[in-house]
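Shown next, in structure tokens, is the structure this report addresses.
Numbering (this note's numbering), first residue to last: 1 to 253.
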């Protein structure tokens with residue numbers, strides 16, 4: 001294992017965060033504050049609690065998950081796409097690095113940055129509302145699995161995309177709607193029976209449900225099912241990344 005090469009990619013990607021603090025850190029914090037003002041105050045005044053948890057506290061796991069998904073995908077996709085765009089991807093090709101080492105470097109950095117943003121949002125949420133974490137170990141587990149899985153998905157998107165429009169289409173047109181419709185700001189049990197069943201086809205529901213359970217012990221679906229779904233998606237993304245490197249799909253664009 002070429003740890004020096006992995007560390008070089010990781011440090012290079014992490015250094016980019018320091019050059020884009022407004023976009024990487026300040027923007028998610030401001031967005032979270034606005035969500036609390038709009039949803040916590042406006043809607044929270046009408047929905048006082050959900051299953052015994054104040055509405056402002058109830059939406060915290062959903063807000064964190066929304067940021068985790070978007071940050072993981074965007075960081076990983078841009079990290080691998082930009083070298084293709086400027087032509088420096090050949091430096092990675094010529095380095096003595098296996099596909100596993102390349103993935104560890106890019107995905108590890110993207111996941112780290114997403115986790116940092118998630119923790120900052122948790123700290124920001126404390127300024128607005130008091131909350132508890134009933135199962136810290138489960139919270140960390142879902143946090144790590146989610147960031148790694150969606151960083152892998154972002155890595156795949158970055159390889160697939162051949163322009164900046166394609167780089168944004170999946171996060172904006174797929175992930176964001178699925179997250180908003182996946183119970184980020186409400187319990188799916190509030191929906192009519194038919195739409196509850198339809199919502200279960202949304203994979204993000206299981207991520208948010210498991211993550212919310214780690215905070216308050218509340219879940220729309222069983223925590224075991226949530227964990228199994230997350231692991232299944234992780235395996236699927238790993239298989240897709242392995243196929244990309246096995247076939248050389250768009251690696252030299």
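Backbone N, C-alpha and C define an ideal beta-carbon position, used for all residues, glycine too.
| Item | Value |
| --- | --- |
| Pairwise C-alpha distance: residue 165 and residue 138 | 36 Å |
| Contacts around residue 105, its chain only, beta-carbon distance under 6 Å, and the 5 residues preceding and following it disregarded | 6, 9 and 10 |
| Collapsed DSSP secondary structure at residue 54 in the structure displayed | strand |
| Min CB distance residue 247 to chain B below 8 Å | The displayed structure is made up of one protein chain only, and chain B is not part of it. |
| Inside the segment 92-156 only - alpha helix (DSSP H) runs reaching at least 4 residues | 99-126 |
| Contact check, residue 77 vs residue 167, beta carbons under 8 Å | yes |
| C-beta contact flag for residue 151 and residue 111 at 8 Å | yes |
| Endpoints, alpha helix (DSSP H) assigned at residue 88 | Counting along the chain, residue 88 falls outside any alpha helix (DSSP H), and DSSP gives it neither H nor E. |
| Assigned secondary structure, residue 74 (DSSP; H/G/I helix, E/B strand, else coil) | helix |
| Whether residue 149 touches residue 218 by CB criterion (8 Å) | no |
| Every unbroken alpha helix (DSSP H) inside the segment 155-215 [4 residues or more] | 164-170, 176-180 and 193-199 |
| Spatial neighbours of residue 117 in its chain, beta-carbon cut-off 6 Å, leaving aside the 5 residues before and after | 28, 67 and 71 |
| Stretch-stretch touch, CB-based, cutoff 8 Å, three pairs: the segment 80-87 with the segment 222-241 | no |
| Residue range of the alpha helix (DSSP H) that includes residue 219 | Note, residue 219: premise wrong, no alpha helix (DSSP H); not H, not E. |
| For residue 173 and residue 244, the rounded distance between their alpha carbons | 23 Å |
| Range of the contiguous alpha helix (DSSP H) that encloses residue 30 | 27-35 |
| Per-residue DSSP class, three states only, for residue 253 | With a pLDDT of 46 at residue 253, under the threshold of 50, the predicted position of this residue should be treated as unreliable, though the coordinate-derived value follows. Coil, per DSSP. |
| Validate contact between the segment 117-126 and the segment 193-211 using beta carbons, cut 8 Å, 3 pairs | no |
| Exposed unless 16 or more other CB atoms sit within 10 angstroms - verdict on residue 161 | buried |
| Beta-carbon proximity list for residue 32, same chain, < 8 Å, skipping 5 on both sides | 63, 67, 121, 124 and 125 |
| Euclidean distance between Cα positions of residue 186 and residue 180 | 9 Å |
| Option in 108, 199 and 88 with minimal Cα separation from residue 266 | Any property of residue 266 remains undetermined from this structure, which presents the chain solely from 1 to 253. |
| Same chain, Cβ closer than 6 Å to residue 157, five either side skipped, listed in chain order | 77 and 170 |
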